[in-house]
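Reading through the structure tokens given below for one structure.
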């Protein structure tokens with residue numbers, strides 16, 4: 002019995018979704034330069050030509066993943082935390098809670114963090130994510146709730162720890178997670 006048009010469309014959407022999800026993980030691990038479509042297709046478990054049915058080029062696929070990783074990563078959420086009329090200490094605690102909960106429940110969030118960091122290392126990502134965190138850190142230092150030191154280095158350290166746990170979630174079967182309190186403690190005074 003032939004498939005209905007609706008079922009054919011569902012299959013196309015499922016295949017495109019599979020390509021995107023597996024590609025985010027692959028690009029996060031290998032970067033843009035280290036990704037070959039032939040190897041990516043093997044990783045996904047589909048024919049190389051299938052990728053080209055949905056995306057004209059590696060650049061087009063990466064561009065779509067790039068947009069998704071920014072959305073998944075929650076940079077809008079980070080900006081919303083920074084604008085709240087509360088202490089920097091509470092902002093950091095809320096951010097840490099959001100990050101840890103998102104890492105635990107959403108593999109795509111972890112992939113977004115990993116891919117964002119990979120792009121940052123390749124000079125392809127906007128550093129606004131880190132700058133927003135720096136701003137919160139500086140507010141906290143003025144309040145006396147955040148440890149002293151370079152706000153930039155503290156921001157990089159904080160997100161470096163997040164990146165480490167994102168990668169552990171993506172590539173290790175049994176991952177012991179830190180708590181949001183542990184993550185907040187990186188920045189907050191005792």
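In our numbering, the protein residues as written are 2 to 191. For each residue, glycine too, the CB sits at the ideal point set by N, CA and C. Owing to the predicted nature of the structure, the values given are computational and were not obtained by experimental measurement.
- Within the region 121-181, the complete alpha helix (DSSP H) segments of 4 residues or longer fall at 129-144 and 152-172, listed in chain order.
- Looking only at 149, 171 and 174, the smallest Cα-Cα distance to residue 188 is reached by 149.
- With respect to the C-alpha of residue 130, the residue from 71, 5, 179 and 20 having the closest C-alpha is 71.
- In this structure, residue 99 sits away from residue 132, with a CB-CB distance that is not shorter than 8 angstroms.
- By the neighbour-count criterion, in which a residue is buried when 16 or more other Cβ atoms sit within 10 angstroms of its Cβ, residue 68 is exposed.
- Going by DSSP, residue 58 is part of no alpha helix (DSSP H) at all; its letter is neither H nor E.
- When only Cα atoms are considered, residue 27 and residue 139 end up about 35 angstroms apart.
- DSSP lists 147 as the beta-bridge partner residues of residue 189.
- In this structure, DSSP gives residue 98 a helical state, which the three-state scheme calls helix.
- DSSP places residue 39 in the uninterrupted alpha helix (DSSP H) bounded by 38-45.
- For residue 134, the number of other beta carbons within 10 angstroms of its own is at least 16, and it is reported as buried.
- Inclusion of residue 111 and residue 174 in the CB contact set at 8 angstroms is not warranted, their separation being larger than that value.
- Following the DSSP letters along the chain, one finds residue 29 inside the alpha helix (DSSP H) bounded by residues 6-31.
- Pairwise C-beta distances place the region 150-167 out of contact with the region 58-68, as fewer than three of them are shorter than 8 angstroms.
- The beta carbon of residue 123 is closer than 8 angstroms to those of 32, 33 and 34 in its chain, skipping five residues each way along the sequence.
- When only Cα atoms are considered, residue 143 and residue 90 end up about 11 angstroms apart.
- In terms of Cβ geometry, residue 25 and residue 116 form a close pair [threshold 8 angstroms].
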